[in-house]
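Engineer:
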Amino acid sequence: MIRNFDPDVNKMERLVSVLESYRGKDRIIRLTGFVATFLAGTAKGKSALHFKTIATELAACRTVLRLFDDTSMLMSNLVYGTGSKEPVTALRILQLIGNFVNQLYYPVEHIAWLGSKNIINVESGKYMLFGLMIWVTSLTTEITKSLIKIRLAQIEIGSVKKQQYLEASEERNGVTEQFQAMSDQLKALRAKSSDAYLLLFQSMFDLMNAVNWLPPGILWSGKLSTAQSGVCGMISTGIMLYRGWPAEKDKKS
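In our numbering, the protein residues as written are 30 to 282.
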């Protein structure tokens, strides 16, 4: 039975589902903060100061929310364990490194935050820098993993295409079940490859900002303008939202 379907309502429902989830709301806040950063870099006078204040406050909001992320990260890492189910050794090692540094990031950031608020007597700047270096390490492992996954997917796609060609050459009486199964496998592999590409670009744009915020003299640190930093953040966050956006609901009831 076909029911009345309003595409605008469906879009709003998906937006609401994103905003009601913790990760979704965090990404919307992140995107808004980078938009404000971009505007702070392009505006002049008081407007630039206002946008900078918005960006700073939204970043502070996300820092406070991350005070409660340690447990969810620990749970994720415990589920992965030692990666015994990962057939590719390089991916397993990179994932374990990533899991370790990602888990380490949270207590480091918490200490930096407590120090910045004068709750504990520590030099918060050192911990902020340590946290930034951890983020750079995490992004580097993610980029390397994405490159490996893309290459592996390309090899698999080539292999399946070859098998599909041989199957088509042998069978002249239409599409066989095996041929259809290989077509479905190709579709899944291409989707996997596309997601790896998206994650690669997401991590690369985040890395642009992470290195830019390191002390002077390290690669391109300090080379990006405020507006350019905002653009990098908007692109990476836009990719995050795209990858995690809810699928459109079926139009049939």
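Even for Gly, the Cβ is constructed at its ideal location relative to N, Cα and C. Everything numeric in this text was worked out from a predicted model, so none of it was measured.
Can you tell me whether Gly154 is helix, strand or coil according to DSSP?
Structural biologist: Residue 154 sits at position 125 when you count from the first residue of the sequence shown. Three-state result, Gly154: helix.
Engineer: With distance defined between alpha-carbon atoms, name the residue in Glu42, Ala276, Arg121 and Lys216 nearest to Thr25.
Structural biologist: Any property of residue 25 remains undetermined from this structure, which presents the chain solely from 30 to 282.
Engineer: Can you check whether the CB of Val189 is closer than 9 Å to the CB of Gln214?
Structural biologist: Position 185 of the sequence shown holds residue 214. Position 160 of the sequence shown holds residue 189. Their beta carbons are under 9 Å apart, which means Gln214 touches Val189 by this criterion.
Engineer: Given this structure, state the Cα-to-Cα distance separating Thr66 from Gly259, to the nearest angstrom.
Structural biologist: Mapped onto the sequence shown, residue 66 falls at position 37. Mapped onto the sequence shown, residue 259 falls at position 230. Computed Cα separation, rounded: 5 Å.
Engineer: Using the rule of at least 16 other Cβ atoms within 10 Å of the residue's Cβ for burial, across every protein chain shown, is Asn150 buried or exposed?
Structural biologist: As a first step, residue 150 must be located in the sequence shown, where it is residue number 121. Exposed: under 16 other Cβ atoms inside 10 Å.
Engineer: Going by beta-carbon coordinates alone, are Arg91 and Ile58 separated by less than 9 Å?
Structural biologist: As a working note, residue 91 is residue 62 in the sequence shown. As a working note, residue 58 is residue 29 in the sequence shown. It is a contact, given that the beta carbons lie within the stated cut-off.
Engineer: Hey, out of Ser113, Ser175 and Gly127, whose CA is closest to Thr166's CA?
Structural biologist: Here residue 166 refers to the residue found at position 137 of the sequence shown. Measuring from the Cα of Thr166, the nearest candidate turns out to be Gly127.
Engineer: Could you check what DSSP says for Ile163 in three-state terms: helix, strand or coil?
Structural biologist: As a first step, residue 163 must be located in the sequence shown, where it is residue number 134. The answer is helix: DSSP assigns Ile163 an H, G or I state.
Engineer: On the CB-based measure, 16 or more other CB atoms within 10 Å of its CB, does Val176 come out buried or exposed?
Structural biologist: Sequence index remark: in the sequence shown, residue 176 carries index 147 (1-based). The sequence given here places Leu at residue 176; Val does not occur at that position. Looking at its Cβ environment, which holds fewer than 16 other Cβ atoms inside 10 Å, Leu176 is exposed.
Engineer: Return the first residue and the last residue of the alpha helix (DSSP H) that Ser113 is part of.
Structural biologist: The residue labelled residue 113 in the question sits at position 84 within the sequence shown. That residue, Ser113, is in no alpha helix (DSSP H); it is neither H nor E in DSSP.
Engineer: When we look at the beta-carbon of Trp142 and count the other beta-carbons within 10 Å, is it buried (16 or more) or exposed?
Structural biologist: Counted from its first residue, the sequence shown places residue 142 at position 113. Buried: at least 16 other Cβ atoms inside 10 Å.
Engineer: If Arg29 sits next to Tyr156, beta carbons under 8 Å apart, how far is it from one beta carbon to the other, in whole angstroms?
Structural biologist: Residue 29 is absent from the structure shown; the chain starts at 30 and stops at 282.
Engineer: Sorted by chain position, which residues of the same chain lie with C-beta nearer than 7 Å to Ala256's C-beta, five sequence neighbours on each side aside?
Structural biologist: In the sequence shown, residue 256 corresponds to position 227, counting from 1. Excluding residues within five positions, the ones whose Cβ falls inside 7 Å are Phe67, Gly70 and Thr71.
Engineer: In the DSSP assignment, find the alpha helix (DSSP H) that holds Leu6 and state where it starts and stops.
Structural biologist: Any answer about residue 6 is impossible in this case: the structure gives the chain only from 30 up to 282.
Engineer: Pick helix, strand or coil for Trp249, following the three-state DSSP scheme.
Structural biologist: Counted from its first residue, the sequence shown places residue 249 at position 220. It is coil, neither helix nor strand.
Engineer: Cβ of Ala210 less than 9 Å from any chain D Cβ?
Structural biologist: The structure shown contains no chain D, having only a single protein chain.
Engineer: How would you call Thr111, buried or exposed, if buried means at least 16 neighbouring beta carbons within 10 angstroms?
Structural biologist: Counting from 1 along the sequence shown, the entry for residue 111 is found at position 82. By the 10 Å Cβ count, Thr111 comes out exposed.
Engineer: Please work out which residues of its chain come closer than 7 Å, Cβ to Cβ, to Phe230, disregarding the five sequence neighbours upstream and downstream, and give them in chain order.
Structural biologist: For the purposes of this step, residue 230 is identified with residue 201 of the sequence shown, where counting begins at 1. Around Phe230: Ile268.
Engineer: Around the Cβ of Thr118, are there at least 16 other Cβ atoms within 10 angstroms (buried) or fewer (exposed)?
Structural biologist: Along the sequence shown, one-based indexing puts residue 118 at 89. With fewer than 16 Cβ atoms within 10 Å of its Cβ, Thr118 is classed as exposed.
Engineer: Just to confirm the assignment: which complete alpha helix (DSSP H) runs, minimum length 4, are found wholly within the stretch 50 to 82?
Structural biologist: Within the stretch 50 to 82, the complete alpha helix (DSSP H) runs of at least 4 residues are 51 to 71.
Engineer: Could you pull out every residue in the same chain whose Cβ sits closer than 8 Å to the Cβ of Glu277, ignoring the five residues on either side in sequence?
Structural biologist: Translated into positions along the sequence shown, residue 277 becomes position 248. Closer than 8 Å at Cβ, skipping near neighbours: Asn39 and Arg43.
Engineer: I'd like to check one pair, Leu87 with Gly29: are the Cβ atoms closer than 9 Å?
Structural biologist: Because residue 29 is not part of the residues shown, which for the chain are 30 to 282, the question remains open.
Engineer: Taking the Cβ atom as the reference point for each residue, do Leu161 and Leu236 lie within a distance shorter than 9 Å?
Structural biologist: Along the sequence shown, one-based indexing puts residue 161 at 132. Along the sequence shown, one-based indexing puts residue 236 at 207. For Leu161 and Leu236, no; Cβs fall outside 9 Å.
Engineer: Please classify Ser265 as buried or exposed, where buried requires at least 16 neighbouring CB atoms within 10 angstroms.
Structural biologist: Here residue 265 corresponds to residue number 236 of the sequence shown, with the count starting at 1. So Ser265 ends up on the buried side.
Engineer: Between the C-alpha atoms of Pro275 and Ala197, what's the straight-line distance to the nearest angstrom?
Structural biologist: As a position in the sequence shown, residue 275 is number 246, starting the count at 1. As a position in the sequence shown, residue 197 is number 168, starting the count at 1. Pro275 and Ala197: Cα-Cα distance of roughly 36 Å.
Engineer: Between the Cα of Leu158 and those of Val137, Lys252 and Ile186, spot the shortest distance and give me the residue it belongs to.
Structural biologist: Translated into the one-based positions of the sequence shown, residue 158 becomes position 129. Ranking Val137, Lys252 and Ile186 by Cα distance to Leu158 puts Val137 first.
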